[in-house]
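Position 43 (the sequence shown) corresponds to 27 in our numbering; numbering is contiguous.
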Amino acid sequence: MGARCLHARRSRIQVELPVWASARQQRELTAFARYCVARLEREVGELDRWTVAATVDPSGGFASTVTAHQGAMTVDASGAGQDGTLAIWDALCNVEQALRERLHGEIAQEPLCAIAPV
């Protein structure tokens, strides 16, 4: 994959993290979110744009919101976890089923969430 294609793919996936997140946390959470989106897109097809946001949940832990855009369609879901990675994973699992139903009218046999995060 050429550098131009890789940049275009990355620019479609916006990851928003708290300002206090260290550079390492930003790199790791951004890479994880992009990996999960890419894995999901291999099954449902490439979407126009994604936004993945992670924040600290006031009740403890972390919260995340994932929004997927395809043309005029917008699908969003939220998730929670004890760390940013788990919150992002939960939100992506929650958006997956809705995406499959809207884009294909059916749920694939093996959902992305059945596979443990690496």
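For glycine and all other residues, C-beta sits at the position ideal for the given N, C-alpha and C.
Keep in mind that this is a model prediction, so the values were computed, not measured.
By the Cβ neighbour-count rule, Ala75 is buried, with 16 or more other Cβ atoms within 10 Å of its own. Counting other Cβ atoms within 10 Å of its Cβ, Val3 stays below 16 and is therefore classed as exposed. Around the beta carbon of Arg33, a 10 Å sphere encloses fewer than 16 other beta carbons of the protein chains shown; the residue is thus reported as exposed.
Rounded to whole angstroms, the gap between the alpha carbons of Ala71 and Glu27 is 22 Å. Within the same chain, Met57 and Val59 come within 7 Å of Arg86 by CB-CB distance, once the 5 residues on both sides are set aside. For Ala22, no beta strand (DSSP E) encloses it; the enclosing alpha helix (DSSP H) starts and ends at Ala7 to Val28. Here the alpha carbons of Thr35 and Ala52 stand approximately 7 Å from one another.
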